[in-house]
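Chemist: According to mature numbering (1 follows the signal peptide of the UniProt record, and there is no 0), the residues represented by the sequence shown are -22 to -1, 1 to 548, in order.
Note that CB positions come from ideal geometry on N, CA and C, so glycine has one too.
Bear in mind the structure is a predicted one, so any value in this text is a computation, not a measurement.
The structure under discussion is supplied below as structure tokens; questions concerning it will follow.
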Amino acid sequence: MLLNCAFSVCHVLMLVLCLSAAEDFDWTKNEHGSFYYGTFPTGFSWGVGSSAYQTEGAWDKDGKGLSIWDVFTHKKGKIYQNDTGDASCESYYKIKDDVSLMKELKLNHYRFSISWPRLIPTGVRSDHVNEKGIQYYDQLIDHLLENNITPIVTLYHWDLPQVLQEKYGGWQNVSIVNHFNDFANLCFERYGDRVKYWITFNNPWSVAVEGYETGEHAPGMKLRGTGAYRSAHHIIKAHAKVWHTYDTQWRGKQKGTVGISLSGDWGEPVDISNQKDIEAAERFVQFNLGWFATPIFHGDYPQVMKDFIGRKSAQQGLGTSRLPTFAPQEKSYIKGTCDFLGIGHFTTRYITQKNYPSGRSGNSYFTDRDLAELVDPRWPDPGSEWLYSVPWGFRRMLNFIKTQYGNPVIYVTENGVSEKTQCTELCDEWRIQYFKDYVNEMLKAIKDGVNVKGYTAWSLLDKFEWDEGYSERFGLYYVDFGNKNKPRYPKASVQFYKRIISSNGFPNQREVENWRRKSIETCSSSSQLLAADPLTSHMEMVTEIVVPTVCTLSILLSAILLMFLLRRRN
Ligand code: NOJ
């Protein structure tokens, strides 16, 4: 009897567990609350990321050419407080320091980008290759490998050589495809023996829209309605060409892989029972991720982009669509040029249908989409204005990729959260919460069958945040930009991320709660360290200004005294 009873209790319990697990993995339901304890597949790769212009500094050192960001940031009024990346974190001089921070985290990979003008100052390979620039990345790669950290290398994280912008109009001109291919070829030639993961472009959406449509980013072009589509078209062609170059010339001996890193904000219909909102949300994603992913996986732009931009162009009285077209042979050349898909995901929007009537002027990438973006005021937004923490959107985005593009291999190439500059707080509880929830949604997505192989926390250090200058800090490590040595201090999230890595996931509630508590405990002592920092800066001032001044004065005084004594003797 007792045995029977125990058996049925167990049975009911099992059923409840199964049901809740099943519900947990039905990603189409908005099950926002539940946390899943479990681990990632063996071999899952954990990393952190950075990019050249945002961290390196040394903008004019050792033969580096100018990039569009060097020029853009030096114009007044473009960047918050007219900040520049001239010095940034000085990572150019701190390979060993930065790799030791990565070792501390026990990372599997480091994602960084190569500055094109550091290697080829004018952007044109036949002009000149800068060996000192080559050496810098040689040292970085070697040092990573010596420490068992796999380099994941981005070829283009926005810092186009200025000469290519001035001479040809940058990504507006198709001639750039060959120049980019030459640069990529140089990188394969020099680093491909050691680098096995290549990312052609980082977030081309930003390059196209913010660089050539709104002009908020370098090179600051405001070509509304055409600039973004045109540059994206050339970026896609350049990506495909580089993939083919690797495939035909290098893959055989180097055995590496080439992918692209796309930005993927999720769009959720405001009203899930309203067909118009559902379609608008789908459009939001297609105009963003789909714009690049659909040609790369299926050979052409998303149908919805062709329809909307084509219709609006016709209403404007234009003979052809503002969205360029691919010739049939280009479509088959572009299709399938991706060994893995990189995803940079930060946030989510609610989407509703909104009509923008098209006139002769006033059309833009944004109005072409016929939608409005909304946010839930209850979503946490600890830092950047645009960045709301909505973890469940991440799982939806990953599942969308799985179904739309045939379940490709995915590396999450960016995911993280900022805080405002005034905040010198190393106890970044909200970042711990963000990582915990987002990484957990990624784990659920893997259980859904999404093929995610690695995760890159964004970013290793606080750094130059484009048009926001240094006002938004994404780092796991705090950087004191006011101090010439740019010291790095661990935020509490370092400890937390480290534990996720060493456990390869989330073992159980008790332990994960413990991690959080311990991480916060350790950070109060690092906060004290940071609080003491003004003293270090003051000490520097003493050595830099006071000491030389005192020395000069003493020499002068001794000289006067000597002259006085000599005169008296005469
Ligand atoms: C995406 C960009 O690739 C990266 O450079 C930037 O720091 C993050 N967004 C955060 O804004």
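Starting from the N-terminal side, write out each stretch of the alpha helix (DSSP H) that is 4 residues or longer and does not extend beyond the stretch 379 to 422.
Modeler: DSSP runs (the alpha helix (DSSP H)) wholly in the stretch 379 to 422: none.
Chemist: Considering Cα atoms alone, identify which of Gly242, Arg327 and Ile321 is closest to Ala258.
Modeler: Residue numbering aside, residue 258 sits at position 280 when the sequence shown is read from its first letter. Among Gly242, Arg327 and Ile321, the Cα nearest to that of Ala258 belongs to Arg327.
Chemist: Between Thr204 and Leu133, how many whole angstroms is the CB-CB distance? I'm expecting something under 8 Å.
Modeler: Taking the first residue of the sequence shown as position 1, residue 204 is located at position 226. Taking the first residue of the sequence shown as position 1, residue 133 is located at position 155. Not a contact, Cβ separation roughly 26 Å.
Chemist: Could you name the residues of the same chain whose beta carbon sits closer than 7 Å to that of Asn163, not counting the 5 residues immediately before and after it, in chain order?
Modeler: In the sequence shown, the residue the question calls residue 163 occupies position 185. The answer, listed in chain order, is Thr223.
Chemist: Could you name the residues of the same chain whose beta carbon sits closer than 6 Å to that of Gly432, not counting the 5 residues immediately before and after it, in chain order?
Modeler: Taking the first residue of the sequence shown as 1, we reach residue 432 at position 454. The answer, listed in chain order, is Ser23 and Tyr389.
Chemist: Under a three-way DSSP split, which group does Val131 fall into?
Modeler: The residue labelled residue 131 in the question sits at position 153 within the sequence shown. Strand.
Chemist: In terms of residue numbering, what span does the alpha helix (DSSP H) encompassing Phe90 cover?
Modeler: Position 112 of the sequence shown, counting from 1, holds the residue named residue 90. From DSSP, Phe90 is part of no alpha helix (DSSP H) but of the beta strand (DSSP E) over His87 to Ser91.
Chemist: Would you kindly report the start and end of the unbroken alpha helix (DSSP H) that includes Tyr311?
Modeler: Reading the sequence shown from its first residue, position 333 is the one you call residue 311. Per DSSP, Tyr311 belongs to the alpha helix (DSSP H) from Pro306 to Ile312.
Chemist: So, for Thr33: in the same chain, excluding its five sequence neighbours on each side, which residues have a beta-carbon less than 7 Å away from its beta-carbon?
Modeler: Numbered from its first residue, the sequence shown carries residue 33 at position 55. Within the same chain, Thr33 has close Cβ partners Ser66, Cys67, Ser69, Leu439 and Lys441.
Chemist: Looking only at its chain, what residues have a beta carbon closer than 8 Å to the beta carbon of Val524, apart from the 5 residues adjacent to it on each side?
Modeler: By 1-based counting over the sequence shown, the position of residue 524 is 546. With a pLDDT of only 39 at Val524, under 50, the local geometry of the prediction cannot be trusted, and no value is derived from it.
Chemist: Determine the direct distance from the alpha carbon of Ile478 to that of Phe484, and round the result to whole angstroms.
Modeler: Mapped onto the sequence shown, residue 484 falls at position 506. Mapped onto the sequence shown, residue 478 falls at position 500. Those two C-alpha atoms are separated by around 6 Å.
Chemist: For Asn341, does the count of other Cβ atoms within 10 angstroms reach 16, so buried, or fall short, so exposed?
Modeler: Locating residue 341 in the sequence shown gives position 363, counting from the first residue. Buried, by the Cβ-count rule.
Chemist: First and last residue of the beta strand (DSSP E) that includes Tyr175?
Modeler: Position 197 of the sequence shown, counted from the first residue, corresponds to residue 175. Looking at the DSSP string, the run of the beta strand (DSSP E) that includes Tyr175 is Tyr175 to Asn180.
Chemist: Report all residues from its chain with a CB closer than 7 Å to the CB of Trp357; omit the five preceding and five following residues, and keep chain order.
Modeler: In the sequence shown, residue 357 corresponds to position 379, counting from 1. Excluding sequence neighbours, Trp357 sits near Tyr366, Ser367 and Val368.
Chemist: Quick one: does the C-beta of Ser45 sit closer than 6 Å to a heavy atom of the ligand MG?
Modeler: Inclusion of the ligand MG in the displayed structure is not the case, the ligand content consisting of the ligand NOJ alone.
Chemist: Report back the beta-carbon spacing between Phe262 and Leu376 to the nearest angstrom; my notes put them in contact at under 8 Å.
Modeler: As a first step, residue 262 is located in the sequence shown; it is residue number 284 there, counting from the start. As a first step, residue 376 is located in the sequence shown; it is residue number 398 there, counting from the start. Between Leu376 and Phe262 the Cβ distance is about 16 Å, and since that is not below 8 Å, they are no contact.
Chemist: If Ser239 sits next to Asn180, beta carbons under 8 Å apart, how far is it from one beta carbon to the other, in whole angstroms?
Modeler: In the sequence shown, the residue the question calls residue 239 occupies position 261. In the sequence shown, the residue the question calls residue 180 occupies position 202. Indeed they touch by this definition, with Cβ atoms about 5 Å apart.
Chemist: Buried or exposed for Tyr190, please, with buried defined as at least 16 other CB atoms from any protein chain shown within 10 angstroms of its CB.
Modeler: By 1-based counting over the sequence shown, the position of residue 190 is 212. Buried, since its Cβ has 16 or more Cβ neighbours within 10 Å.
Chemist: For Ala(-2), does the three-state DSSP call read helix, strand or coil?
Modeler: For this step, residue -2 is matched to residue 21 along the sequence shown. Reliability of the predicted coordinates at Ala(-2) is poor, the pLDDT of 34 falling under 50, and the value obtained from them is presented with this limitation in mind. Correct three-state label for Ala(-2): helix.
Chemist: Exposed or buried, Thr51, counting other C-beta atoms within 10 Å across all chains shown (16 or more means buried)?
Modeler: By one-based count along the sequence shown, residue 51 stands at place 73. Buried is the call here.
Chemist: Am I right that Pro182 and Ile213 are in contact with their C-beta atoms under 8 Å? What's the rounded C-beta distance?
Modeler: As a first step, residue 182 must be located in the sequence shown, where it is residue number 204. As a first step, residue 213 must be located in the sequence shown, where it is residue number 235. Confirmed, about 5 Å.
Chemist: Is Asn266 buried or exposed, if buried means 16 or more other CB atoms sit within 10 Å of its CB?
Modeler: For this step, residue 266 is matched to residue 288 along the sequence shown. Classification of Asn266: buried, given that the 10 Å Cβ count is 16 or more.
Chemist: Output the boundary residues of the alpha helix (DSSP H) element that contains Thr33.
Modeler: Residue numbering aside, residue 33 sits at position 55 when the sequence shown is read from its first letter. Thr33 -> alpha helix (DSSP H) spans Ala30 to Thr33.
Chemist: I'd like to know whether the C-beta atoms of Ala423 and Gly394 end up nearer to each other than 7 Å.
Modeler: Reading the sequence shown from its first residue, position 445 is the one you call residue 423. Reading the sequence shown from its first residue, position 416 is the one you call residue 394. No, the pair does not count as a contact, with Cβ atoms beyond the cut-off.
Chemist: Can you determine whether any heavy atom of the ligand NOJ sits closer than 6 Å to the C-beta of Ser29, and answer yes or no?
Modeler: Locating residue 29 in the sequence shown gives position 51, counting from the first residue. Ser29 Cβ: within cutoff of the ligand NOJ.
Chemist: Alpha carbon to alpha carbon, how far is His121 from Asp76?
Modeler: The residue labelled residue 121 in the question sits at position 143 within the sequence shown. The residue labelled residue 76 in the question sits at position 98 within the sequence shown. Cα-Cα distance, rounded: 10 Å.
Chemist: Since Phe318 sits in a beta bridge, which residues does DSSP pair it with?
Modeler: In the sequence shown, counting from the first residue as 1, residue 318 sits at position 340. According to DSSP, Phe318 bridges with Gly237.
Chemist: Could you give the uninterrupted runs of the beta strand (DSSP E) lying entirely in the stretch 152 to 235, keeping only those of 3 residues or more?
Modeler: Correct list: 175 to 180.
Chemist: Let me know the secondary structure DSSP gives Gln331 once reduced to three states.
Modeler: Taking the first residue of the sequence shown as position 1, residue 331 is located at position 353. It is a strand residue.
Chemist: If we ignore side chains and look at the alpha-carbon of each, how far apart do Arg373 and Leu454 end up?
Modeler: If you number the sequence shown from 1, residue 373 lands on position 395. If you number the sequence shown from 1, residue 454 lands on position 476. Cα to Cα, the separation comes out at about 23 Å.
Chemist: How far does the beta strand (DSSP E) with Ser23 in it extend, from its first residue to its last?
Modeler: If you number the sequence shown from 1, residue 23 lands on position 45. Where Ser23 is concerned, the enclosing beta strand (DSSP E) stretches over Ser23 to Gly27.
Chemist: I'd like to confirm something about Asn393: is its beta-carbon nearer than 6 Å to some heavy atom of the ligand NOJ, or not?
Modeler: Here residue 393 refers to the residue found at position 415 of the sequence shown. No, since every heavy atom of the ligand NOJ falls outside the 6 Å radius drawn around the Cβ of Asn393.
Chemist: Would you kindly work out how many angstroms separate the C-alpha atoms of Lys313 and Lys215, rounded to a whole number?
Modeler: Position 335 of the sequence shown, counting from 1, holds the residue named residue 313. Position 237 of the sequence shown, counting from 1, holds the residue named residue 215. About 11 Å.
Chemist: For the alpha helix (DSSP H) holding Pro95, just list the boundary residues, first then last.
Modeler: Within the sequence shown, the letter at position 117 stands for residue 95. That run of the alpha helix (DSSP H) goes Trp94 to Leu97.
Chemist: Hey, could you find the ends of the alpha helix (DSSP H) Pro273 is sitting in?
Modeler: On the sequence shown, position 295 is the one that residue 273 refers to. Taken as a continuous stretch (DSSP letters only), the alpha helix (DSSP H) holding Pro273 covers Trp269 to His276.
Chemist: Using the C-alpha atoms, what's the distance from Lys81 back to Asn125?
Modeler: Numbered from its first residue, the sequence shown carries residue 125 at position 147. Numbered from its first residue, the sequence shown carries residue 81 at position 103. Taking the straight line joining both Cα atoms gives about 7 Å.
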